[in-house]
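To keep things clear, I will list the structure first and then write my remarks on it.
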């Protein structure tokens with residue numbers, strides 16, 4: 001599991017994800033159970049996708065052309081759609097684009113859509129990230 005954590009963390013040693021919950025699927029940690037399971041091997045925690053898929057969102061809110069005051073920004077919502085399972089050792093490429101900017105109730109909203117692909121070009125995770133910016 002350590003190799004996957006480092007790969008998901010972008011090769012940043014020491015990146016941590018907190019303690020492992022007491023009740024966790026053996027498909028995520030137990031090699032024998034995972035091999036007998038529906039995916040044939042260990043798979044990644046779905047929440048790992050946030051580590052790499054958030055990077056384009058972070059780049060968008062820091063874009064100097066948008067002039068976002070980060071002190072006025074709050075997390076609105078995020079949505080992840082899992083199209084394939086993630087496995088230890090997977091190398092994924094994530095791209096993102098700003099798909100909407102709008103005003104509502106005196107606040108600005110910024111929406112970024114991301115897509116992560118495996119080396120074969122198959123989409124693995126799609127994400128929609130929304131930030132709310134006070135004026």
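In the UniProt record's numbering, the protein residues as written are 1 to 135.
For glycine and all other residues, C-beta sits at the position ideal for the given N, C-alpha and C.
#1: Quick one, which of 95, 91 and 67 has its alpha-carbon nearest residue 129's?
#2: Give the DSSP bridge partners of residue 101, in chain order.
#3: Mark residue 127 as exposed unless 16 or more other C-beta atoms lie within 10 angstroms of its C-beta, in which case mark it buried.
#4: Secondary structure at residue 78, three-state DSSP: helix, strand or coil?
#5: Return helix, strand or coil for residue 73, following the three-state DSSP convention.
#6: If contacts are defined as beta-carbon pairs under 8 Å, then residue 86 and residue 44 qualify, I think. What distance do you get, rounded to the angstrom?
#7: Taking the alpha carbon of residue 56 as the reference point, which residue from 121, 81 and 93 has its own alpha carbon closest?
#8: Just grab the DSSP bridge partners of residue 131 for me.
#9: Name, in chain order, the residues that DSSP records as bridge partners for residue 95.
#10: Taking residue 76 as the reference, which of 97, 67 and 112 has the closest Cα?
In short, the structure shows the following:
#1: 95
#2: 110
#3: buried
#4: strand
#5: strand
#6: 4 Å
#7: 93
#8: 75 and 110
#9: 115
#10: 112
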